[in-house]
Amino acid sequence: MTTTIDPTPTTTTPLWKPLVACGVTLVLWASAFVGIRYLGDTVPPGSLSLGRLIVMVAALGAYLALKGGFRLPTKKEWPLIALGGASWLGIYNLALNESERRIDAATAALIIQVGPIVVALLAGLVLKERIHRWILIGTGVGFAGVVLIGRASANGDTGDWIGVVLSLVAALTFAVGVLSQKKLLPTMSALLLTFWYAVAGLVVCLPWSGELVATIPDISVANLGWIVYLGLFPSALAFVTWAYALSHSDAGKFAQSTFLVPFITALMAWLVLGEVPPALAFVGGAMCIAGVLITRRQPR
Numbered sequence: 077m078t079t080t081i082d083p084t085p086t087t088t089t090p091l092w093k094p095l096v097a098c099g100v101t102l103v104l105w106a107s108a109f110v111g112i113r114y115l116g117d118t119v120p121p122g123s124l125s126l127g128r129l130i131v132m133v134a135a136l137g138a139y140l141a142l143k144g145g146f147r148l149p150t151k152k153e154w155p156l157i158a159l160g161g162a163s164w165l166g167i168y169n170l171a172l173n174e175s176e177r178r179i180d181a182a183t184a185a186l187i188i189q190v191g192p193i194v195v196a197l198l199a200g201l202v203l204k205e206r207i208h209r210w211i212l213i214g215t216g217v218g219f220a221g222v223v224l225i226g227r228a229s230a231n232g233d234t235g236d237w238i239g240v241v242l243s244l245v246a247a248l249t250f251a252v253g254v255l256s257q258k259k260l261l262p263t264m265s266a267l268l269l270t271f272w273y274a275v276a277g278l279v280v281c282l283p284w285s286g287e288l289v290a291t292i293p294d295i296s297v298a299n300l301g302w303i304v305y306l307g308l309f310p311s312a313l314a315f316v317t318w319a320y321a322l323s324h325s326d327a328g329k330f331a332q333s334t335f336l337v338p339f340i341t342a343l344m345a346w347l348v349l350g351e352v353p354p355a356l357a358f359v360g361g362a363m364c365i366a367g368v369l370i371t372r373r374q375p376r
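The opening residue of the sequence shown carries number 77 in my numbering; numbering runs sequentially from there.
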């Protein structure tokens, strides 16, 4: 999940600090895909989503209480928070968790990379931003990559088409979250906005409360630790480090670095889970990334 804020470069912050913060963020985000895949056989998707969001809300709430800056949203902000949080942190988590029960972690991370393409398309349709030919070309290339990943996963031993479609749903809901975020950031801090998004996502996952309570006694201490880790580090901490990186350097350069997440995920999944996605999935992933880069070209 990617968050953008207006960068405010300073001349007093050494370059290595935002670089380290960005690197920490990418590793934590990649580890989330591995953690979800690891828990897939023992923790149901709904319970995992709810447990992770409870930890995330508690961590961000405590941080805001200590740092200050907490406030309730206004009447105009609530609808967008409900839309963005429900999609980005509610449906996104549910879809991705179920997806990774069917496909490997690196393949899921590759499919999520089409999210920026969907953002560009929806921005044109909803926000009336210009849809130029590079957006259309990049969309075609990116979704051709998804089809290629789908074929590779369906023919392999570690996935199926349903898992691919669910990862694509996660990418779509991420895009909805980003667009609603774009409308809210001028009036809310990125940290406060993410907290309220997490609250909205938690509300979406409340129907799985009974399942979570029933599942906890059967979850090992190690797996409970993984759930806490997912809520605390890839969600809460990674957001803080990402916001710090963007606020002290060029946002565009750091945003493009998220393309490294699938490949870090593949390495971690190989080391931790002993799984490697089909070679054709990497070809499709490269097409997804190429599609995103093409959509960012500007017409003359």
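Virtual Cβ for every residue (Gly too), placed ideally from N, Cα, C.
Straight-line gap, residue i to residue j (C-alpha atoms, nearest Å)
i      : j      : result
Val262 : Pro155 : Checking the displayed sequence, the identity of residue 262 turns out to be Pro instead of Val. Those two C-alpha atoms are separated by around 16 Å.
Pro293 : Trp164 : 29 Å
Gly200 : Thr118 : 41 Å
Trp105 : Leu172 : 13 Å
Gly253 : Thr150 : 18 Å
Thr234 : Leu267 : Low confidence applies here, because Thr234 scores a pLDDT of 49, under 50, leaving its location unreliable; read the following figure in that light. In a straight line, the C-alpha of Thr234 is about 37 Å away from that of Leu267.
Ala138 : Leu212 : 43 Å
Ala196 : Arg113 : 29 Å
Val359 : Leu148 : 45 Å
Leu140 : Pro375 : 42 Å
Cys364 : Gly214 : 8 Å
Ala366 : Trp210 : 12 Å
Gly99  : Met264 : 26 Å
Leu95  : Ala290 : 42 Å
Leu224 : Val194 : 18 Å
Arg206 : Lys258 : 16 Å
Pro90  : Ala228 : 44 Å
Gly226 : Leu288 : 31 Å
Leu347 : Lys152 : 47 Å
Leu336 : Leu343 : 11 Å
Leu260 : Gly239 : 32 Å
Leu313 : Ser107 : 13 Å
Gly166 : Leu300 : 20 Å
Gly191 : Val222 : 11 Å
Exposure of residue i, with buried meaning 16 or more beta-carbon neighbours within 10 Å
i      : result
Ala357 : buried
Leu244 : buried
Trp92  : exposed
Gly350 : exposed
Ala355 : exposed
Pro283 : exposed
Val297 : exposed
Pro338 : buried
Pair within 8 Å by beta-carbon distance, residue i and residue j
i      : j      : result
Ala274 : Leu124 : no
Glu176 : Ala182 : no
Phe271 : Leu126 : no
Thr101 : Ala321 : yes
Val368 : Gln189 : yes
Ser256 : Gly160 : yes
Leu170 : Trp302 : no
Asp236 : Ala345 : no
Glu174 : Leu242 : yes
Ala158 : Ala276 : yes
Ile340 : Val103 : yes
Minimum C-alpha distance to residue i - residue among the options
i      : options                           : result
Ile295 : Pro120, Val279 and Ala108         : Pro120
Val304 : Lys93, Thr317 and Met132          : Met132
Phe109 : Tyr168, Leu260 and Ile370         : Tyr168
Phe250 : Gly307, Phe309, Leu198 and Ala366 : Leu198
Ala162 : Thr334, Cys281 and Gly239         : Cys281
Ala97  : Thr334, Ile193 and Thr317         : Thr317
Leu308 : Ile225, Gly111, Pro90 and Leu95   : Gly111
Gly286 : Gly122, Ile340, Gly166 and Ile187 : Gly122
Ala134 : Ile238, Ala228, Val222 and Leu306 : Leu306
Arg373 : Leu347, Val240, His208 and Arg178 : His208
Leu269 : Phe315, Thr334 and Leu186         : Phe315
Thr334 : Ile187, Arg178 and Gly166         : Ile187
Checklist entry - Contact between the segment 212–225 and the segment 139–146: three or more CB pairs below 8 Å? => result Output reads no: the segment 139–146 does not touch the segment 212–225.
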